[in-house]
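Engineer:
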Ligand SMILES: Cc1cc2nc3c(=O)[nH]c(=O)nc-3n(C[C@H](O)[C@H](O)[C@H](O)COP(=O)(O)OP(=O)(O)OC[C@H]3O[C@@H](n4cnc5c(N)ncnc54)[C@H](O)[C@@H]3O)c2cc1C
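Below, the structure written as structure tokens:
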């Protein structure tokens, strides 16, 4: 079939995954015409800038803009909704998928599942934690060296830095955790790699903006079109040839033709776009998984308080990495002495610590995001509903998280509250819904290069492609896998 394209590549969604495709293709083929369509609006500051780097007023304005149906609503001052009975409140800048899901027998749902809609996606709000996937978290059908090279590249794109040394409060916390949590089969306790860097005395968080770099200058054919919803991908005779776009300001609908279409609309909305396009492989939306998460506040003992003498060397977020021997990832920090609390010394309680434990979900085909044929959401896209339940193994993991929360807290202080499982969806890491597979066996949606099975020239990206059960934060892996796929697309475009 002959396609007369308006663009070489259409990218749906402007988060870290879409940005990685755009940057990689733009760097390799600077003459390529790349259109990135983003349903949400532009935000204050440079395009894709992390909101932590903005002034307080601009940050607040950006958060209000990315709240989708709640855009502009100051929820902190809105009256509490008595029908939402879990303690996890929606985070600034995000909006709930459905906080009051209708649950079938035995289901727990993901009532705190949330999304962001704005230029940069969640990658302007995120915390930047970038641990590497380890052991069974890694994609088993990618060669180890190749995956490592992709992760190296992802760390460079995201500007990842490991904060922490054996000095100061963070160093003392790391040593205390190592005494308890290192052992046979367990990796060394270290510090969380974070997508942030020092700019003189300023700490700058990175994300989508850092990935895109100066793409408009280096690849003049790149265009980011905000407030542009992709309603469906156009597929003709098994080939993606473009998409239907809706201008959210005017309601005008147009069709753009493209040689390649890449859908990076987050872990829940990427399968939504495929569903709306009539692309419905059997695994679409299935194997949905979100980390089991327990986060508890701690009153820190004297040994982990103060010590400004260590300066920035004393900042850090202690990481107990995932391993198959303990498929759980842990973290401990003094907020004031972490990169997140940088600049708040003297202003926030320096006895306040946090212990976090993430468990890997026991993957099940029946855990799924499903879409309605008749009902629509705020954007006019097929309405989502989530089927989600805990297996016996999940219940064991939850008890393990509870035990680890108690133990880690008593090593450094006293729990300020009883550890509780965060409401489902609170980790914001929705994986598996467009998972990659080595073969088209009905258990995956795309191939190892993220091309959708059975539809040529249609690619996906985002946390949904991750096929394994993980406890580590996924964005680094997502960027690595998008970079691999984009490298292949760039090579094909370059050969034209
Ligand atoms: C507060 C917070 C803390 C976090 N901390 C971490 C962390 O420490 N480590 C970590 O790994 N991850 C973290 N995350 C998660 C991380 O931000 C996501 O993994 C990452 O942003 C996913 O990238 P993405 O490009 O796949 O999707 P997103 O960043 O969600 O971007 C998707 C974009 O697609 C757009 N879109 C959706 N549908 C359409 C459509 N039909 N047409 C056009 N556009 C569409 C959306 O509007 C959105 O802007 C955190 C997130 C938040 C909010």
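Residue numbers (the UniProt record's numbering): 1 to 496.
Even glycine gets a Cβ: it sits at the ideal position worked out from N, Cα and C.
Among 266, 403, 166, which residue has its Cα nearest to the Cα of residue 482?
Structural biologist: Out of 266, 403, 166, 266 has the C-alpha closest to the C-alpha of residue 482.
Engineer: By alpha-carbon positions, which one of 127, 248, 249 ends up nearest to residue 192?
Structural biologist: Among 127, 248, 249, the Cα nearest to that of residue 192 is on 127.
Engineer: With DSSP as the reference, please indicate the residues paired to residue 421 in a beta bridge.
Structural biologist: Paired residues: 294.
Engineer: Please identify the residue among 101, 106, 75 whose C-alpha is closest to the C-alpha of residue 92.
Structural biologist: When only C-alpha atoms are compared, the closest one is 75.
Engineer: Counting only runs of 3+ residues fully inside the stretch 252-281, write out the beta strand (DSSP E) ranges in chain order.
Structural biologist: Here the runs fully enclosed are 253-263.
Engineer: Within 10 angstroms of the Cβ of residue 205, are there 16 or more other Cβ atoms? Answer buried if so, exposed if not.
Structural biologist: Buried is the call here.
Engineer: Give the DSSP-derived three-state secondary structure of residue 376 in the structure shown.
Structural biologist: If DSSP states are grouped into helix, strand and coil, residue 376 belongs with the strands.
Engineer: Considering only residues of the stretch 178-229, which uninterrupted alpha helix (DSSP H) runs meet the minimum length of 4 residues and lie entirely inside it, listed in chain order?
Structural biologist: Taking only runs of at least 4 residues, the alpha helix (DSSP H) segments lying wholly in the stretch 178-229 are 208-212, 215-218.
Engineer: For ligand 1, any of its heavy atoms closer than 7 Å to the Cβ of residue 457?
Structural biologist: Incorrect: residue 457 has no Cβ contact closer than 7 Å to ligand 1.
Engineer: Quick test of your reading: residue 455 and residue 279, contact by CB under 8 Å. State the CB separation rounded to the nearest angstrom.
Structural biologist: About 6 Å; that satisfies the 8 Å criterion.
Engineer: Between the beta-carbon of residue 22 and the beta-carbon of residue 229, is there less than 8 Å?
Structural biologist: It is not a contact, given that the beta carbons lie outside the stated cut-off.
Engineer: With hydrogens ignored, establish whether the beta-carbon of residue 484 is closer than 7 Å to any heavy atom of ligand 1.
Structural biologist: Every heavy atom of ligand 1 is 7 Å or more from the Cβ of residue 484, so no.
Engineer: Tell me residue 459's beta-bridge partners as DSSP assigns them.
Structural biologist: Paired residue(s): 262, 451.
Engineer: Do residue 314 and residue 183 have their C-beta atoms within less than 8 Å of each other?
Structural biologist: Contact: no.
Engineer: Which stretch, first to last residue, makes up the beta strand (DSSP E) that contains residue 358?
Structural biologist: Segment 352-359, the beta strand (DSSP E) holding residue 358.
Engineer: Helix, strand or coil: how does DSSP classify residue 560 here?
Structural biologist: Outside the shown range of the chain (1 to 496) lies residue 560, about which nothing can therefore be said.
Engineer: For residue 85, collect the residues of the same chain with a Cβ closer than 8 Å to its Cβ; drop the 5 residues on either side in sequence, then sort them by chain order.
Structural biologist: The predicted model places residue 85 with a pLDDT of 48, which falls under 50 and marks its position as unreliable; any figure quoted below should be read in that light. The answer is none, since no qualifying residue turns up.
Engineer: Can you name, in chain order, every residue of its own chain whose Cβ lies under 6 Å from the Cβ of residue 227, other than the five neighbours on each side?
Structural biologist: Closer than 6 Å at Cβ, skipping near neighbours: 41, 248, 249.
Engineer: Please find out if some non-hydrogen atom of ligand 1 comes closer than 7 Å to the beta-carbon of residue 446.
Structural biologist: No.
Engineer: Grab me the residues of residue 46's own chain with a C-beta within less than 8 Å of its C-beta, minus the 5 sequence neighbours each way, in chain order.
Structural biologist: 209, listed in sequence order.
Engineer: Contact between the stretch 355-368 and the stretch 382-399 is defined here as three or more beta-carbon pairs at a separation below 8 Å; is this criterion met?
Structural biologist: Yes, they touch.
Engineer: Would you say the stretch 27-36 touches the stretch 216-226, given that touching needs at least three Cβ pairs under 8 Å?
Structural biologist: These segments touch.
Engineer: Per the DSSP calculation, residue 53 is bridged to which residue(s)?
Structural biologist: BP columns for residue 53 are empty, so no partner.
Engineer: Would you decide whether residue 50 is buried or exposed? Buried here means 16 or more other CB atoms lie within 10 Å of its CB.
Structural biologist: Residue 50 comes out buried.
Engineer: What are the start and end residues of the alpha helix (DSSP H) that includes residue 318?
Structural biologist: Here residue 318 belongs to no alpha helix (DSSP H); instead the beta strand (DSSP E) covers 318-320.
Engineer: Could you tell me which of 131, 276, 412, 61 sits nearest to residue 152, measuring between CA atoms?
Structural biologist: Residue 131 is the option with its Cα nearest to residue 152.
Engineer: I'd like the list of long-range same chain contacts for residue 136, defined as Cβ closer than 6 Å, with 5 residues on each side in sequence excluded.
Structural biologist: Cβ neighbours of residue 136 beyond the five flanking positions: 324.
Engineer: Can you have a look at residue 282 and say buried or exposed, based on whether 16 or more other CB atoms are within 10 angstroms of its CB?
Structural biologist: It is exposed - the Cβ of residue 282 has fewer than 16 other Cβ atoms within 10 Å.
Engineer: Measuring only from the beta carbon, is residue 12 closer than 7 Å to any heavy atom that is part of ligand 1?
Structural biologist: Checking the Cβ of residue 12 against ligand 1 gives yes.
Engineer: Find the nearest neighbour of residue 113 within the set 344, 409, 269, judged by alpha-carbon distance.
Structural biologist: That would be 269, whose Cα lies nearest to the Cα of residue 113.
Engineer: Just mark residue 1 as buried or exposed, buried being the case when its beta carbon has 16 or more other beta carbons within 10 Å.
Structural biologist: Annotation note: pLDDT 45 at residue 1 (below 50); position unreliable, no value reported.
Engineer: Which residue marks the beginning of the beta strand (DSSP E) containing residue 133, and which one marks its end?
Structural biologist: Neither: residue 133 is in no beta strand (DSSP E) and is coded neither H nor E.
Engineer: Counting beta carbon pairs with one atom in the stretch 319-338 and one in the stretch 147-161, are three or more of them shorter than 8 Å?
Structural biologist: No, they do not touch.
Engineer: Taking just the CA atoms, how far does residue 163 sit from residue 469?
Structural biologist: The straight-line gap from Cα to Cα measures roughly 27 Å.
Engineer: In or out: residue 291 buried (at least 16 other Cβ within 10 Å) or exposed?
Structural biologist: Burial call: buried.
Engineer: At what residues does the beta strand (DSSP E) containing residue 8 begin and finish?
Structural biologist: 7-12 is the span of the beta strand (DSSP E), which, as asked, contains residue 8.
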